[in-house]
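Undergrad: This structure is in structure tokens; I'll ask about it shortly.
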Amino acid sequence: MTEVNIVNIDNPFQDQKPGTSGLRKSTLKFQEEHYLEIFIEAIFNSLKDLRGSTLIVGGDGRYGNFDAIKKIIQICVAHKIGKVIVPKNGLLSTPATSHLIRIKKAIGGIILSASHNPGGIEGDFGVKLNISNGGPAPESITNQIFQCSQSLKSYKISKIKTPELDKLGIFTFGQTSVEIIDGVKDYSDLMENIFDLDQISDFLKKDFSLIFDAMNAVTGPYATNIFVEKMGLADSCVMNGVPLDDFGGLHPDPNLTYASKLADLLLIQKSYSFGAACDGDGDRNMILGKGCFVNPSDSLAVITANTNCVPGYKDGIAGVARSMPTSSAVDFVANALNIPCFETPTGWKFFGNLLDSNLISICGEESFGTGSNHVREKDGLWAVLYWLQILAVKNCTVSELIQKHWKQYGRNYYSRHDYEAIPSTIANQIFGKLASMLEHLKGNSFAGHLVKVADNFSYLDPVDNSMSENQGLRLVLDDNSRVIVRLSGTGTKGATLRLYFEKFFNPQQNLSLNPQIALKPLINDLDALLNISKLTQMENPTVIT
Ligand code: G1P
Ligand code: ZN
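This note's numbering runs 877 ahead of the 1-based position in the sequence shown.
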């Protein structure tokens, strides 16, 4: 008989609301007594049919990962969960977790990660719940978890000695078995089924050099397995490939600011033909060519336009979806392919119903996230392999592929400006000002055009008819240019204000401008309207994409 302890607590969640991607807080907060345990208890209380079920538990290897997994195993034993599947060394990327949930028919998965936020004792930690379809828990469940976390006064735990995580094996504790598995194999096999790895490998060995930056986070072992062990490339094609609990001090967000070393290698030194990076938990990706940055919105459009190059999508695709702030580049491709294109709010969870109902096969966000129906999460390495497969089939460079795409469909100049960790009062003031002016702006002039739409985006889910409101302020002009303002839901310090700018140029116009120049009238007019640089006391945004 395994002993179950009931631990009484002073509830630590009185005024903590988890964000849209689960609970994300400082590492130190998670070190507080009972803090993690009470949230896990709330998750378990919100899942039906938990007893006897299978649960996947893993993380991106950041500080606290090991201890959290051990505590979760102890709580699982107390709740009589049938089987807990844990990856060796506790390392499991978010897309690999999604895949495992699906193939093991699990009730869900717990992902220990704060995604692209820094790690280590001074960084962040997080807990995400994915449900049985492999995707992030929908709002109905996260709301329930939040309600429960606020009122819980105790949690159940079995203080068993948990197995070490460095060896494969099966261990039994009362009615629960704990299975330590290889966290790379199933995902890597899935990639092998979707892509022709031999073709990619031949292409890369010819004269097309690859460098992949794992940013000292979870994708290192996956990339090494696929590129080095399966494709036979040199070890050196994976940089920062060993997961470290503080990511070696890197901020594991694959963009031009935080993956600056990689950006320098490709854009300034031009040392490689192709470069790519993934974030902390492996769901985001950045694609670079020699002297060429691929905007994630364009990446989604190129991926959609070239399904015929990839074995896994040869039979065509049902439809596509993009988040509202993502540029409309993919809409032009969908139109040409005569497939539906859905516009959803920001956040991967909104793609779940569309994927499950087979209304779409491919989806993406401007925030370096692309994915398909192969799992229910965005998938960084999948996107990298997808790009490499297109290039191998077409035998061309990244820059040639993207130029050709624009020549055919036109170019949606696009940029996102982030003002990170600013005081919440300032962020709310800027956001509130635009919100209060929407009615007045409609029909008036902005950046030399008439404002056609000025609203706060809302979304009616076509599958379950649920309504999501307040999903971002947007101005659409009479030439279909767009300006969008949102407040981030994933930051942990102060507030992060995101501004998005988009302007379409047809194939006869100049397609080789710097996006900041092409978008200048929109950027300047928004600043004039909302006084952003003055109020934030920042001459430039923290990150420009
Ligand atoms: C950000 C991105 C969003 C993404 C989310 C989780 O959310 O903008 O597209 O789905 O991270 O990776 P935000 O901080 O803007 O709320
Ligand atoms: Zn992530």
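Note that the Cβ used here is the ideal one computed from N, Cα and C, for glycine as well. Values in this document were obtained by computation on a predicted structure and should not be read as measured data.
Check each candidate in Val1119, Leu989, Lys1255 and Lys1107 and name the one with the smallest Cα separation from Phe1072.
TA: Checked all of Val1119, Leu989, Lys1255 and Lys1107; the closest Cα to Phe1072 is Lys1107.
Undergrad: From Ile1103 to Thr1369, what distance separates their C-alpha atoms?
TA: Answer to the nearest angstrom: the Cα atoms are 34 Å apart.
Undergrad: Measure the CB-CB distance between Gly1287 and Pro1173 and report whether it falls below 7 Å.
TA: No, the Cβ-Cβ distance between Gly1287 and Pro1173 is not below 7 Å.
Undergrad: Who are Phe1323's beta bridge partners in DSSP?
TA: Answer by DSSP bridge pairing, in chain order: His1326.
Undergrad: If you draw a straight line from the alpha carbon of Ile984 to that of Gly935, how long is it in whole angstroms?
TA: Their backbone Cα atoms lie some 15 Å apart in a straight line.
Undergrad: Between Glu1242 and the ligand G1P, is there a pair consisting of the residue's CB and a ligand heavy atom that are separated by less than 6 Å?
TA: Glu1242: yes, Cβ under 6 Å from the ligand G1P.
Undergrad: Over the uninterrupted alpha helix (DSSP H) stretch that includes His1294, give me the two end residues.
TA: Careful: His1294 lies outside any alpha helix (DSSP H), inside the beta strand (DSSP E) at Arg1288 to Ile1299.
Undergrad: Quick check on Arg928: buried or exposed, where buried means 16 or more other Cβ atoms within 10 Å of its Cβ?
TA: With fewer than 16 other Cβ atoms within 10 Å, it is exposed.
Undergrad: Could you check which residue in Phe1124, Ser1017, Val1360 and Gln1021 has the C-alpha nearest to that of Glu999?
TA: Ranking the options by Cα distance to Glu999, first place goes to Phe1124.
Undergrad: Assign Leu1121 to one of three DSSP states: helix, strand, or coil.
TA: Reduced to three states, the DSSP call for Leu1121 is coil.
Undergrad: Near Ser1026, which residues of its chain fall below 7 Å by C-beta distance, leaving aside the five closest residues on each side in sequence?
TA: Only Phe890, Ile915, Phe916 and Ala919 meet the Cβ criterion.
Undergrad: Given this structure, state the Cα-to-Cα distance separating Gly996 from Phe1002, to the nearest angstrom.
TA: Approximately 7 Å between the Cα atoms of the pair.
Undergrad: Put Lys1036 into one of helix, strand or coil per three-state DSSP.
TA: Of the three classes helix, strand and coil, the one that applies to Lys1036 here is coil, per DSSP.
Undergrad: Check Phe1023 in the structure and name its three-state DSSP category.
TA: DSSP places Phe1023 in helix when its eight states are reduced to three.
Undergrad: Per the contact definition of three or more C-beta pairs closer than 8 Å, is the segment 1015 to 1033 in contact with the segment 959 to 970?
TA: With a cut-off of 8 Å, the segment 1015 to 1033 and the segment 959 to 970 do not count as touching, because too few Cβ pairs lie within range.
Undergrad: Determine the burial state of Asn1391: buried for a count of at least 16 other Cβ atoms within 10 Å of its Cβ, exposed for fewer.
TA: Exposed, by the Cβ-count rule.
Undergrad: Under 7 Å between the Cβ atoms of Leu1231 and Ala1198?
TA: In contact: Leu1231 and Ala1198 (Cβ atoms closer than 7 Å).
Undergrad: Answer yes or no: the CB of Gly1224 versus the heavy atoms of the ligand G1P, is any distance below 6 Å?
TA: Gly1224: yes, Cβ under 6 Å from the ligand G1P.
Undergrad: DSSP state of Phe1104, grouped into three classes?
TA: Looking at Phe1104 - three-state DSSP - the assignment turns out to be helix.
Undergrad: Would you kindly work out how many angstroms separate the C-alpha atoms of Gly1309 and Leu1374, rounded to a whole number?
TA: Their backbone Cα atoms lie some 12 Å apart in a straight line.
Undergrad: Starting from Asn1007 and walking both ways along the beta strand (DSSP E), at which residues does that stretch end?
TA: From DSSP, the beta strand (DSSP E) with Asn1007 extends over Asp1001 to Ile1008.
Undergrad: Checking the sheet assignment: what are the DSSP bridge partners for Pro964?
TA: Partner(s): Ile1058.
Undergrad: Just how far apart, CA to CA, sit Ser1137 and Asn1093?
TA: Those two C-alpha atoms are separated by around 14 Å.
Undergrad: Which first and last residues belong to the beta strand (DSSP E) in which Arg901 is found?
TA: Unbroken beta strand (DSSP E) run through Arg901: Leu900 to Ser903.
Undergrad: The alpha helix (DSSP H) spanning Thr1413 covers which residue range?
TA: Taken as a continuous stretch (DSSP letters only), the alpha helix (DSSP H) holding Thr1413 covers Ile1409 to Thr1413.
Undergrad: Can you give me the start and stop residues for the beta strand (DSSP E) that Tyr1377 sits inside?
TA: It spans Ala1372 to Phe1382 - the beta strand (DSSP E) in which Tyr1377 sits, taken as one unbroken run.
Undergrad: Do the CB positions of Thr904 and Tyr940 come within less than 7 Å of each other?
TA: A contact, by the Cβ cut-off of 7 Å.
Undergrad: Run through DSSP, which three-state label would Leu1142 get?
TA: Residue state, collapsed to three classes: helix.
Undergrad: Can you tell me whether DSSP reads Pro1013 as helix, strand or coil?
TA: Correct three-state label for Pro1013: strand.
Undergrad: Who are Leu1265's beta bridge partners in DSSP?
TA: Paired residue(s): none; Leu1265 is not in a bridge.
Undergrad: Assess contact between the segment 1231 to 1250 and the segment 1391 to 1400, defined as three or more Cβ pairs (one per stretch) separated by less than 8 Å. Is contact present?
TA: Because the criterion of three Cβ pairs below 8 Å is not met, the segment 1231 to 1250 and the segment 1391 to 1400 do not touch.
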